[in-house]
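In the numbering used here, the protein residues as written are 140 to 435.
All residues carry an ideal CB built from backbone N, CA and C; glycine is no exception.
Inspection log for the structure reproduced underneath, given as structure tokens.
This is the structure we're talking about:
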């Protein structure tokens with residue numbers, strides 16, 4: 140949410156007086172029913188990630204990193220939270236399909252390294268994406284990205300003619316069949332408006348950038364183009380909902396979005412290293428802390 144969006148006032152208008160955050164969870168009484176296990180296991184994963192990040196990083200760094208990894212940033216300090224919003228970068232640390240894109244990329248690389256057949260790769264990708272979606276609370280942006288990606292990859296595995304536009308439509312219709320009111324939500328509108336804009340404008344823009352340019356310059360131009368397309372597509376919604384939009388959002392996104400996958404991967408590496416030993420975790424925590432400081 141860009142600009143001076145007042146979260147306290149926004150919640151107060153809806154009758155909310157308190158926002159609580161559970162630091163620890165426990166199952167009391169009888170064992171967890173098997174029907175709850177698909178939600179219970181991923182939620183334990185989320186709590187484990189949060190706990191291990193906060194044990195090795197300062198509060199704002201840990202919350203930023205949790206936002207990059209799972210889309211749940213917690214309560215950042217007010218100046219930092221406002222700066223992220225004004226820069227048009229809030230989408231990096233709240234629920235978004237980008238988190239699922241990283242998970243699917245990792246699953247695809249693992250499936251290729253293991254030389255799995257296409258359907259086995261699809262099962263691996265689906266399992267990873269659904270686990271992270273549930274760990275992040277089952278928010279609609281995750282389901283949109285998961286459904287779209289799995290629809291596209293399933294079509295390819297089945298030898299069907301498929302492209303991103305068809306996958307986008309399948310994902311939208313599946314969500315609307317399950318929750319028709321989503322059509323009027325800002326999240327639904329922003330997700331599909333941004334993706335539709337990229338599908339329509341990305342290829343012409345990519346062809347317009349001269350191939351003879353040096354690779355770093357061309358990569359920078361393409362990153363700037365992606366940011367510009369998405370920001371331009373979302374400005375009407377920003378204006379309608381918040382009365383303002385970020386002027387520096389295009390430049391900020393061109394720098395931050397390419398760096399985001401490395402920060403998220405670093406967070407997952409730090410979480411995994413914490414099981415190996417404290418020394419390995421601290422070796423990763425120091426450079427991650429410096430990178431998060433640079434982002435801030």
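Exposure of residue i, with buried meaning 16 or more beta-carbon neighbours within 10 Å
i: residue 266; result: exposed
i: residue 197; result: exposed
i: residue 264; result: buried
i: residue 164; result: exposed
i: residue 141; result: Bear in mind that the predicted position of residue 141 carries a pLDDT of just 43, short of 50, making it unreliable; the figure below should be weighed with that in mind. Buried is the call here.
i: residue 200; result: buried
i: residue 323; result: exposed
i: residue 318; result: exposed
i: residue 373; result: buried
i: residue 173; result: exposed
Beta carbon of residue i nearer than 8 Å to that of residue j
i: residue 284; j: residue 236; result: yes
i: residue 227; j: residue 387; result: yes
i: residue 397; j: residue 362; result: yes
i: residue 424; j: residue 195; result: yes
i: residue 288; j: residue 356; result: no
Contact set for residue i: own chain, Cβ-Cβ below 6 Å, skip 5 residues either direction
i: residue 270; result: 181
i: residue 416; result: none
i: residue 413; result: 191 and 420
i: residue 410; result: 188 and 191
i: residue 389; result: 366, 367 and 370
Nonlocal neighbours in the same chain, by C-beta distance under 7 Å from residue i, ignoring five residues either side
i: residue 280; result: 234, 235, 236, 326 and 330
i: residue 171; result: 179
i: residue 378; result: 384
Cβ shell of residue i (< 8 Å), same chain only, five flanking positions each side left out
i: residue 371; result: 336
i: residue 369; result: 333, 336, 337 and 392
Does the region 398-407 come close enough to the region 204-215 that 3 or more CB-CB pairs lie under 8 Å?
-> yes
Three-pair Cβ contact test at 8 Å for the region 302-313 versus the region 282-294 = yes
Where are the beta strand (DSSP E) runs, 3 residues long or more, that stay fully inside the region 309-397, in chain order?
-> none
The region 246-261 touching the region 420-430, judged by at least three CB pairs closer than 8 Å = no
Can you give, in chain order, each stretch of the alpha helix (DSSP H) that sits fully within the region 210-234 and has at least 4 residues?
-> 217-225
Tell me the start and end of each unbroken alpha helix (DSSP H) in the region 173-207 that is at least 4 residues and wholly inside, in chain order.
-> 176-193
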